[in-house]
Amino acid sequence: MASLLGDLKLSLRIDADDTEDDTILNRNLTAAENYIKGAVGNDDDLMKGFYDLANVKSSYEIAVIALASSYYTFRSSGITGRVNNVDMNNGSIIAQLRGKYLKEKERREANGSEYQSQ
Numbered sequence: 001m002a003s004l005l006g007d008l009k010l011s012l013r014i015d016a017d018d019t020e021d022d023t024i025l026n027r028n029l030t031a032a033e034n035y036i037k038g039a040v041g042n043d044d045d046l047m048k049g050f051y052d053l054a055n056v057k058s059s060y061e062i063a064v065i066a067l068a069s070s071y072y073t074f075r076s077s078g079i080t081g082r083v084n085n086v087d088m089n090n091g092s093i094i095a096q097l098r099g100k101y102l103k104e105k106e107r108r109e110a111n112g113s114e115y116q117s118q
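For the sequence shown, position 97 (counting from the first letter as 1) is numbered 97 according to our numbering, and the numbering increases by one without interruption.
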């Protein structure tokens, strides 16, 4: 997650050497990863390594960083007046990842093969 932390800080325009909010940022990354995997599909058993596939990894990381950024930016759980949509543009990325997940799952079920690093 260290690489994602650096990318998240860059996304939020936080100095890489500033560690003051690292605990919050790491928790936001974990929450975002869990949310994305829950929305798309887990990477255990047959689907182990799915999120490391070359055609999946960059989209997955962008979705995680975008969601973790919004968690950090919109920390208030109760506000009056303006409503901020935390999901923002992640819906389309999640939909694409779901399609890739289902296609890969079908391939693995048909071939009996699992993840092979590339």
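We put the CB at the ideal spot given by N, CA and C, even for glycine.
Starting from residue i and walking both ways along the alpha helix (DSSP H), at which residues does that stretch end?
i	result
Lys-103	90-111
Leu-67	57-73
Report the three-state DSSP secondary structure of residue i (helix, strand or coil).
i	result
Lys-48	coil
Arg-13	coil
Glu-129	There is simply no residue 129 to check, as the chain begins at 1 and stops at 118 in what is shown.
Asn-42	coil
According to the neighbour-count rule (16 or more other Cβ atoms, all chains shown, within 10 Å of its Cβ), is residue i buried or exposed?
i	result
Ile-24	exposed
Glu-33	buried
Ala-54	exposed
Hey, how far is the Cα of residue i from the Cα of residue j?
i	j	result
Lys-105	Glu-20	41 angstroms
Ser-69	Val-56	20 angstroms
Gln-118	Leu-102	With a pLDDT of 49 at Gln-118, under the threshold of 50, the modelled position of this residue cannot be trusted; read the value that follows with caution. Between Gln-118 and Leu-102, the C-alpha separation is close to 20 angstroms.
Leu-8	Arg-75	15 angstroms
Is residue j closer than 7 angstroms to residue i when the C-beta atoms are compared?
i	j	result
Tyr-72	Asn-28	yes
Leu-97	Val-40	yes
Tyr-63	Asn-90	A small fix is needed here, since residue 63 is Ala in this sequence, not Tyr. Taking 7 angstroms as the Cβ cut-off, Ala-63 and Asn-90 qualify as a contacting pair.
Any heavy atom of the ligand NAD inside 6 angstroms of the beta-carbon of residue i?
i	result
Leu-53	No copy of the ligand NAD appears in this structure; indeed no ligand is present at all.
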